[in-house]
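By my numbering, the letter at position 462 of the sequence shown is numbered 465, and the numbering carries on one by one without gaps. Yeah, the Cβ is synthetic: ideal placement off N, Cα and C, and Gly gets one too. Shown next, in structure tokens, is the structure this report addresses.
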Amino acid sequence: MSERFRVVPVAAHESSFGDETDGDTVFDAGVCEGERAERRGSVPILQYNREPNKYGDGNPRESSPFIHNTDDYKGTLYDGKNMALFEEEMDSNPMVSSLLSKLANYTNLTQGVREHEEADEDEGAKKKTVKSPQMGTFIGVYLPCLQNILGVILFLRMTWIVGTAGILESFIIVSMCCSCTMLTAISMSAIATNGVVPAGGSYYMISRSLGPEFGGAVGLCFYLGTTFAGAMYILGTIEIFLTYIVPSAAIFKAEEKALEAEAMLNNMRVYGTCCLTLMAVVVFVGVKYVNKLALVFLACVVLSILSIYAGVFKTIFEPPVFPVCLLGNRTLQNHGFDKCMKTDIIDNVTVTTRLWALFCNGPELNASCNEYFSLNNVTEVQGIPGLTSGAISENMWGSYGPAGMMVEKDLPSVPVIASAQDKDLPYVVNDIATFFTLLVGIYFPSVTGIMAGSNRSGDLRDAQRSIPIGTILAIATTTIIYLSSVVLFGACIDSVVLRDKFGDSVKGNLVIGTLSWPSPWVIVIGSFFSCCGAGLQSLTGAPRLLQAIARDGIVPFLEVFGHGKANGEPTWALLLTALICESGILIASLDAVAPILSMFFLMCYLFVNLACALQTLLRTPNWRPRFKFYHWTLSFLGMSLCLALMFISSWYYALVAMLIAGCIYKYIEYRGAEKEWGDGIRGVSLNAARFALIRLEEAPPHTKNWRPQMLVLLNLDSELSVKHPRLLSFTTQLKAGKGLTIVGSVLEGTYLTRDTEAKQAEQNIKSAMCAEKTKGFCHVVVSSNQRDGISHLVQSAGLGGMKHNSVLMAWPGNWRQSSDPQSWKSFIETVRETTAAHLALLVAKNVDSFPHQERLSEGTIDVWWIVHDGGMLMLLPFLLRQHKVWRKCKMRIFTVAQLDDNSIQMKKDLQMFLYHLRLNAEVEVVEMHDSDISAFTYEKTLVMEQRSQMLKQMQLSRTEREREAQLIHDRNTASHAALNDKADATPERVHMTWTKEKFFTERNRNREHNANMAVRDLFNMKPNQSNVRCMHTAVKLNEVVVNKSQGAHLVLLNMPGPPRNRGGDENYMEFMEVMMEGLNRVLLVRGGGREVITIYS
4 MSERFRVVPV
14 AAHESSFGDE
24 TDGDTVFDAG
34 VCEGERAERR
44 GSVPILQYNR
54 EPNKYGDGNP
64 RESSPFIHNT
74 DDYKGTLYDG
84 KNMALFEEEM
94 DSNPMVSSLL
104 SKLANYTNLT
114 QGVREHEEAD
124 EDEGAKKKTV
134 KSPQMGTFIG
144 VYLPCLQNIL
154 GVILFLRMTW
164 IVGTAGILES
174 FIIVSMCCSC
184 TMLTAISMSA
194 IATNGVVPAG
204 GSYYMISRSL
214 GPEFGGAVGL
224 CFYLGTTFAG
234 AMYILGTIEI
244 FLTYIVPSAA
254 IFKAEEKALE
264 AEAMLNNMRV
274 YGTCCLTLMA
284 VVVFVGVKYV
294 NKLALVFLAC
304 VVLSILSIYA
314 GVFKTIFEPP
324 VFPVCLLGNR
334 TLQNHGFDKC
344 MKTDIIDNVT
354 VTTRLWALFC
364 NGPELNASCN
374 EYFSLNNVTE
384 VQGIPGLTSG
394 AISENMWGSY
404 GPAGMMVEKD
414 LPSVPVIASA
424 QDKDLPYVVN
434 DIATFFTLLV
444 GIYFPSVTGI
454 MAGSNRSGDL
464 RDAQRSIPIG
474 TILAIATTTI
484 IYLSSVVLFG
494 ACIDSVVLRD
504 KFGDSVKGNL
514 VIGTLSWPSP
524 WVIVIGSFFS
534 CCGAGLQSLT
544 GAPRLLQAIA
554 RDGIVPFLEV
564 FGHGKANGEP
574 TWALLLTALI
584 CESGILIASL
594 DAVAPILSMF
604 FLMCYLFVNL
614 ACALQTLLRT
624 PNWRPRFKFY
634 HWTLSFLGMS
644 LCLALMFISS
654 WYYALVAMLI
664 AGCIYKYIEY
674 RGAEKEWGDG
684 IRGVSLNAAR
694 FALIRLEEAP
704 PHTKNWRPQM
714 LVLLNLDSEL
724 SVKHPRLLSF
734 TTQLKAGKGL
744 TIVGSVLEGT
754 YLTRDTEAKQ
764 AEQNIKSAMC
774 AEKTKGFCHV
784 VVSSNQRDGI
794 SHLVQSAGLG
804 GMKHNSVLMA
814 WPGNWRQSSD
824 PQSWKSFIET
834 VRETTAAHLA
844 LLVAKNVDSF
854 PHQERLSEGT
864 IDVWWIVHDG
874 GMLMLLPFLL
884 RQHKVWRKCK
894 MRIFTVAQLD
904 DNSIQMKKDL
914 QMFLYHLRLN
924 AEVEVVEMHD
934 SDISAFTYEK
944 TLVMEQRSQM
954 LKQMQLSRTE
964 REREAQLIHD
974 RNTASHAALN
984 DKADATPERV
994 HMTWTKEKFF
1004 TERNRNREHN
1014 ANMAVRDLFN
1024 MKPNQSNVRC
1034 MHTAVKLNEV
1044 VVNKSQGAHL
1054 VLLNMPGPPR
1064 NRGGDENYME
1074 FMEVMMEGLN
1084 RVLLVRGGGR
1094 EVITIYS
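Set out below in structure tokens:
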């Protein structure tokens, strides 16, 4: 039973709820409770009612099951008791029941390619009801795949491939290509059943499995392959039309036989362009007509296949009559003559035939004839000898040759020397040079089309079941058709007819049509409409694929192609597709276009296999395909086979396709939108990073591999913006994108209260890093105070072996003006901590004056090498000079010689040391002899100590004031307590009154006395001798450095460590200020206690 609220009106003057309420005054909370209470002059209150809920199941309404949902359920409150413990989480995390309910009602989108997790762009628009998809395996996957796989190559080139390569080699070609697609289909089935695949199929699968870079590159290659496939189908359509249906429709006609090929190409270009224009208009006007005609086109394919098999079996009993005329062993084109004989006897008179006129100068019997014609007889053989004729043994082996080679039969003949006139005679010759690898490239498009089922995933009733079964069955069916065709064609058709590409020897009939039953026109008309339909489907699918890529936003220059008509039709993408398709049509040769699209499809299949192998090997938690019959070895074998077929078909086309994909990949990586799709490449990166980190932790890096891995400590202003962005510029110049850079900052407070500000600060720092071209990581820590936060960063930043070894920070320039001593105390503690952690420390003074991106003119980087710090002072200028900003600067090294040092020998030794280090630098030894401490140094030290003492007095006064305020508060509290005390005072006690006036008088007297004493002490102070010596060093060193390096672009100085006694911290800051006085850009360097540069190789 559920508990429901009831509103109980109670009179305003009543103070109890008891028995005043009767049944008729109780009513539901949803019915104008305010009005009824107002009419009765009462105040409505809430009371529980334990009756069942009549309007539902008693459960409250939860918000949308997806976290951070923006649906308007925010006003709904959760009023159940069973889940009260999770009440506060209901706003962001859904109840399991509502999550399951939402997922159960999920339907795939059928239009376009859209991610299923994205909300609709127009939230205010009414959502159209999408009918539940009802297509099954047979209609939705099997038949579309069958229609796409069986096509133009089977009808126009299969017999020629069998005749040229022979049955054995053709069997190998078909087996390789079909094995490639079958292995790809297994990998594709695993990916397609690993979750819901929206409409978009292969592109969606590859991009979400391999990431936006690979997804964009392969998606565009798949798009180009589909577009060139459209060109190939259109060329096939025109070839059937002009060669076999209406040869007289040719616009360009050759006067000579040698020019026939060129005329045919021009005819293909003209008719192909017209056909493309017509198809593009049909696609633009209405795609629904294309979809309605799909069944007709499929019927054409199926009927054509059936007629071939029927014709094959008919040859056993009654082979069709298609005689082939041979001159010697050479095949003749059966166009210009009606009888296969040289002379004929008509009315007992021997007359020459039309064949005689083709080879001789005239019809006379004594006319001069071609030598080969004179020496060899004309014979006639049966073009379709039949299945039981034994032709299979003759067609078992291949017959490759160059362009122009005559198609010959294995018959005895009288050979003659080939002459130039032979090319004008009606022989059947090779139109192109033939070799095994060429045939692989031409044949492969006939096995493409396996993605048709996955592209329709949005329309399937159960895509995860239908896609694997339908696709694999379709590939198995077509493989059987192709393999059986190879054997049957070789067994039924004569070898010279098989090698006759255009059927010239059988009176211009389509060779495969001569085998069909009941008529060759069944195949001619069927293949014509089949090619038309395939071309239309390519022009329909390719623009939608491009639109999907454009809408994903991963390739910026393609965004314009994401737009279309009001109903979503991709107009601009269709225009681009038509232009690319036209470029394929201008090639005009089916044999030249086929290898191009083979490359793009093979690359797509290669990456499908790669995606499956990668996901399987990585064992990502989300990799749980329902299709279980896959293995990474099969995917790897499929990937290797795809790569091998690419280079077998055409190595230069393969390289071009890879170059195009590589350029797109790098473009997306450099300019494209960042997308996180949970892809496998990220998983590979993660595994590689983990492996490298574990290896790095095994041992510290060798001196030869040492480079500064920086932790950059930034300060933020009140608006959480970076105070010193030039610190990031300097990091970029020092690192040049190499090694590790961690940029850290600290916010004071607790993370629970400042988490939003911490994220905002992190975004601001990342923006600054992007502006300054600093490559690295950002980390903002929220800590109770600045000091602890910096300590946490120094200790814990980095991971495993990828930890920082150097800390870069800015010098606190305004530490003297700061009222809070914590600023400089925190700085000194950081210096101490880096020393304790054996980290190098770089402190930049006047960092805002450091160069940004502008190149410095010729100048110097001066290094003042006073103490050995492991070679940091030598290495840093070398690294800086690798960057374009500092490239023109020369390096100068100064070292300091004492009284007992041999400065000449020091200079020689230093020059030799730099020579072994392979560093180019000018060397100068500066002599600093012992000298008396000047009055100026005494005065400097005295002023420093007096200032320090005064600050301590001021700090003491502040502490005193706080203590006095607390004392007054305590005494006032005590006096109030004494007045309220009712107990009698004993006469033996004497109560002394401490009045406020008396208190102030006494306090002022003490304060004046203390102040006078303090001032007297200040003027009577004598400087500490240790401070005097330190100040003397700072003053003398500053004089030398300013004298030598005041004009340098950058001065690097050894940074002395802070004193062990923390009482002298402020004096340390003064010493540093004096040492750097008068210098513009200074970098204080403190080594980490290890050698960072070596003379050894």
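Grab the span of the beta strand (DSSP E) containing residue i for me, first residue to last.
i, result
"Arg1089", "1085-1089"
"Phe447", "Here Phe447 belongs to no beta strand (DSSP E), and DSSP marks it neither H nor E."
"Ser748", "744-751"
"Met812", "809-813"
"Ala660", "Element bounds for Ala660: not the beta strand (DSSP E) but the alpha helix (DSSP H), 654-674."
"Asp497", "Segment: none, Asp497 is in no beta strand (DSSP E) and carries neither H nor E."
Let me know if residue i comes out buried or exposed under the rule of 16 or more other beta-carbons within 10 Å of its beta-carbon.
i, result
"Ser721", "exposed"
"Cys911", "According to the sequence shown, residue 911 is Lys rather than Cys. Looking at its Cβ environment, which holds fewer than 16 other Cβ atoms inside 10 Å, Lys911 is exposed."
"Cys584", "buried"
"Gly33", "The pLDDT assigned to Gly33 is 42, lower than 50, so where the model puts this residue is not dependable, and the model offers no usable value."
"Tyr58", "With a pLDDT of only 35 at Tyr58, under 50, the local geometry of the prediction cannot be trusted, and the value read off the model is given with reservation. Its Cβ having fewer than 16 others within 10 Å, Tyr58 is exposed."
"Leu1086", "buried"
"Pro1059", "buried"
"Thr759", "exposed"
Go through its chain and collect everything with a Cβ distance to residue i's Cβ below 8 angstroms, but skip five positions before and after it.
i, result
"Gln914", "Val926"
"Leu637", "Leu186, Ile189, Ser190"
"Arg884", "Ile864, Arg890, Cys892, Met894"
"Ile671", "Pro215, Glu216, Gly219, Ala220, Ile557, Val558"
"Tyr633", "Ile189, Ser190, Ser192, Ala193, Cys615, Thr619"
"Lys1047", "Asp865, Phe897, Glu927, Val929"
"Phe287", "Glu572, Thr574, Leu577"
Looking at the unbroken alpha helix (DSSP H) that takes in residue i, where does it start and where does it end?
i, result
"Thr833", "825-839"
"Trp163", "161-195"
"Ile435", "Where Ile435 is concerned, there is no enclosing alpha helix (DSSP H), given that its DSSP letter is neither H nor E."
"Val611", "593-621"
Can the beta-carbon of residue i be found less than 8 angstroms from the beta-carbon of residue j?
i, j, result
"Val749", "Ile697", "no"
"Leu876", "Val1043", "no"
"Gly233", "Cys534", "no"
"Gly641", "Cys343", "no"
"Gly862", "His1052", "yes"
"Gly314", "Ser519", "yes"
"Pro433", "Pro388", "Sequence inspection shows Asn at residue 433; the Pro mentioned does not correspond to that position. Not in contact: Asn433 and Pro388 (Cβ atoms no closer than 8 angstroms)."
"Gly2", "Gly801", "Past the boundaries of the shown model lies residue 2; the chain is included only from 4 to 1100, so the question cannot be answered."
"Glu572", "Val284", "no"
DSSP beta-bridge partners for residue i?
i, result
"Ser786", "Glu751"
"Trp868", "Thr898"
"Leu719", "Val725"
"Phe362", "DSSP lists no partner for Phe362."
"Glu930", "Ala900"
"Leu844", "Val810, Arg1089"
"Pro326", "Gln385"
Please go through the same chain and pick out, in chain order, the residues whose beta-carbon is closer than 7 angstroms to the beta-carbon of residue i, but skip the five residues on each side of it.
i, result
"Ile588", "Ala234, Ile237, Leu238, Arg272, Gly275, Thr276, Leu279"
"Gly2", "No answer is possible for residue 2: it lies beyond the span of the chain, which begins at 4 and ends at 1100."
"Phe340", "Thr356, Arg357, Leu358, Leu361"
"Val1095", "Thr706, Trp709, Gly873, Gly874, Met875, Leu878"
"Asp594", "Ile435, Ile445"
Taking 7 angstroms as the cut-off, is the CB of residue i close to at least one heavy atom of the ligand FMN?
i, result
"Glu263", "This structure simply doesn't include the ligand FMN, nor any ligand for that matter."
Suppose the cutoff is 6 angstroms on Cβ atoms and the five residues either side in sequence are ignored; what does the same chain contact list for residue i look like?
i, result
"Lys510", "Asn337"
"Pro1092", "It is Gly, not Pro, that sits at residue 1092 in the sequence shown. Result list for Gly1092: His841, in chain order."
"Gly1081", "Val1045"
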